[in-house]
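Numbering (our numbering), first residue to last: 47 to 300.
Below, the structure is given as structure tokens:
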């Protein structure tokens with residue numbers, strides 16, 4: 047019975063995302079592979095679909111509350127679409143163990159970034175007097191779209207800093223806008239997989255989404271009652287530990 051396992055895996059990812067505010071979705075791919083039991087490439091596509099739809103649900107509420115900058119998000123997402131398609135196409139050409147070793151490297155980056163943010167709190171260096179840098183914003187969109195498509199992740203850990211530095215959005219507006227971009231990543235990924243004739247486990251994705259939506263609510267509730275900085279450090283160490291395990295298990299298969 048994989049249904050409870052898929053739902054619980056979604057709850058874990060949603061809970062981590064709600065607690066940390068970004069980076070928690072990186073747990074999705076390892077859970078889909080090692081807990082749910084999906085093949086690596088299938089897990090990447092399923093993760094992309096699940097994270098994208100979950101973000102879409104969150105984005106709708108942020109848009110309704112006028113928290114997202116749709117103009118900036120639209121420009122960012124437009125270039126991200128091209129990068130996303132290239133990423134989904136390229137990961138089909140890469141062997142599973144190689145993907146997992148690269149994914150472990152991405153997890154290390156996220157863990158280090160999360161650890162650093164735990165000491166900076168929600169502050170982010172930004173100079174609102176400096177005009178937005180459109181070329182840089184478009185290039186950042188292209189890069190995050192590629193990362194999202196290649197690794198099957200939302201990419202919020204890259205999108206939020208890019209929106210802060212290049213679009214000059216504040217932290218809260220950048221986080222809300224990033225949900226819109228991640229939703230586009232997910233929907234583009236689904237379309238890319240369909241065009242390329244590749245499979246996504248939609249049943250598992252649906253169960254994962256259901257668990258994820260519930261987990262996010264619980265995570266956000268606990269986030270206001272627990273020391274967020276300490277939680278981010280705990281999750282950073284967990285991500286780093288999983289990265290080491292992924293690397294050790296897959297590097298011997300190269």
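All C-beta atoms, glycine included, are put in the ideal place defined by N, C-alpha and C.
Nothing here was measured: the structure is a model prediction, and the numbers come from that model.
- Comparing C-alpha distances from residue 165 to each of 137, 292, 282, 289 shows the shortest one belongs to 282.
- In the DSSP assignment, residue 72 falls outside any alpha helix (DSSP H) and carries neither an H nor an E.
- Take the alpha-carbon of residue 295 and the one of residue 72: they are about 18 Å apart.
- Around the beta carbon of residue 219, 16 or more other beta carbons sit within 10 angstroms, so the residue counts as buried.
- Per the C-alpha coordinates, the member of 85, 115, 82 positioned closest to residue 214 is 115.
- Excluding five sequence positions before and after residue 76, the CB atoms of its chain that fall closer than 6 Å to its own CB belong to 288, given in chain order.
- With distances taken between CA atoms, residue 85 lies nearest to 143 out of 143, 131, 64, 65.
- Judged by pairs of C-beta atoms under 8 Å, the stretch 187–202 touches the stretch 122–134, as three or more such pairs exist.
- Listed in chain order, the alpha helix (DSSP H) runs fully inside the stretch 73–149 are 74–77, 86–110, 116–137, counting runs of at least 4 residues.
- Across the structure, residue 161 and residue 206 are spaced so that their CA atoms are roughly 16 Å apart.
- Take the alpha-carbon of residue 271 and the one of residue 230: they are about 32 Å apart.
- Residue 250 carries a helical assignment under DSSP once its states are collapsed to helix, strand and coil.
- Between residue 156 and residue 79, the alpha-carbon positions lie close to 19 Å from each other.
- Inside the stretch 217–262, DSSP marks whole alpha helix (DSSP H) runs of 4 or more residues at positions 217–241, from first to last along the chain.
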